[in-house]
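Residue numbers (this note's numbering): 12 to 296.
See the structure below:
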């Protein structure tokens, strides 16, 4: 083992209380940040599930010819925003109403003629489900002369837009605040370690040790503490997640690659905090 590695790991035995405090601080900071991230991730999932239901429905005039309907289906299906399109005949619409509103089935049993119109149901691709895109598709479809009415749930599509923008804002701003608090907390704890070892740093400077030589053990130590803190935070987060899964509802957890990146992030935060703190003790940095 090299001198740098020995010094880095010797510090764990030399100051066990400060080491434990550093790791716990990093763990708590990352745990808080990851809990917020998990909440945001599940809000995004719910919004995405709702967004999948966005569709444009074009109700056709009773006198629409089959050829006209075929032209409409073919041309609308060619729109770049359209994912799929389905024609619902008058008979199919009536049968669907009987199924969906079975408690009122007697209302449909004595009808002399079918009052429901045929329609075209248009599902949009991901990325084209915001209110502006949905409204644009609806406006273009409404230009066909035999389209009697267009519906796409204007109000709730606009509300969905608002919620998605709010979620993005909270993810960036509040997430940034949590990340900043985490970094400041980690930096303050690492700085306590540096203060406790300031005499050691001064002695190394007096004997002519290079800045990089002095810094490397502290950076490795900070990275190691960050990784250990991240692993502890991950264990706490997993326990919290499993508890919520059993008692509340089905939630989505981080993907494996996100968990790995979280551990690496913890190590990087520890290393960067060590570097920034060390600058205060090395005038020649």
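Beta carbons are placed, not taken as given, at the ideal position from N, Cα and C, and that holds for glycine.
Given the structure is predicted, the values throughout are model-derived calculations rather than measurements.
Starting from residue i, follow its DSSP beta bridges and name the residues at the other end.
i         : result
residue 8 : No information on residue 8 is available, as it lies outside the stretch 12 to 296 that the chain covers here.
Quick one: give me the first and last residue of the alpha helix (DSSP H) that residue i is part of.
i           : result
residue 158 : Per DSSP, residue 158 belongs to no alpha helix (DSSP H); it is in the beta strand (DSSP E), 158–162.
residue 42  : 27–62
residue 146 : 142–153
residue 88  : 77–88
So, helix, strand or coil for residue i, using DSSP?
i           : result
residue 262 : coil
residue 106 : helix
residue 281 : helix
residue 227 : helix
residue 178 : helix
residue 298 : It is not possible to answer for residue 298, since the shown part of the chain is limited to 12 through 296.
residue 246 : helix
residue 290 : helix
residue 253 : helix
residue 100 : coil
residue 74  : coil
residue 124 : coil
At which residues does the beta strand (DSSP E) containing residue i begin and terminate?
i          : result
residue 66 : 66–71
Counting only runs that start and end within the region 189–224, where is the alpha helix (DSSP H) found for 4 or more residues in a row? Within the region 189–224, the runs of alpha helix (DSSP H) that reach at least 4 residues and sit entirely inside it are, in chain order, 209–217.
Could you check whether the region 46–60 touches the region 151–167, counting it as contact only if at least three pairs of C-beta atoms, one from each stretch, sit closer than 8 angstroms? Because the criterion of three Cβ pairs below 8 angstroms is not met, the region 46–60 and the region 151–167 do not touch.
Tell me whether the region 178–197 and the region 40–51 touch, counting them as touching only if at least three CB pairs, one residue from each stretch, are closer than 8 angstroms. Verdict: yes, contact present.
Quick test of the definition: if touching needs 3 or more C-beta pairs under 8 angstroms, does the region 237–246 touch the region 265–275? Touching, yes, given that three or more Cβ pairs across the two stretches are closer than 8 angstroms.
Is there contact between the region 64–76 and the region 142–152, where contact requires at least three CB pairs shorter than 8 angstroms? They touch, by the three-pair rule.
Do the region 256–268 and the region 212–225 touch if we need at least three Cβ pairs shorter than 8 angstroms? No, the region 256–268 is not in contact with the region 212–225.
Three CB pairs or more closer than 8 angstroms across the region 163–182 and the region 79–87: Too few Cβ pairs lie closer than 8 angstroms, so no.
Contact between the region 253–262 and the region 210–217: three or more CB pairs below 8 angstroms? No contact exists between the region 253–262 and the region 210–217.
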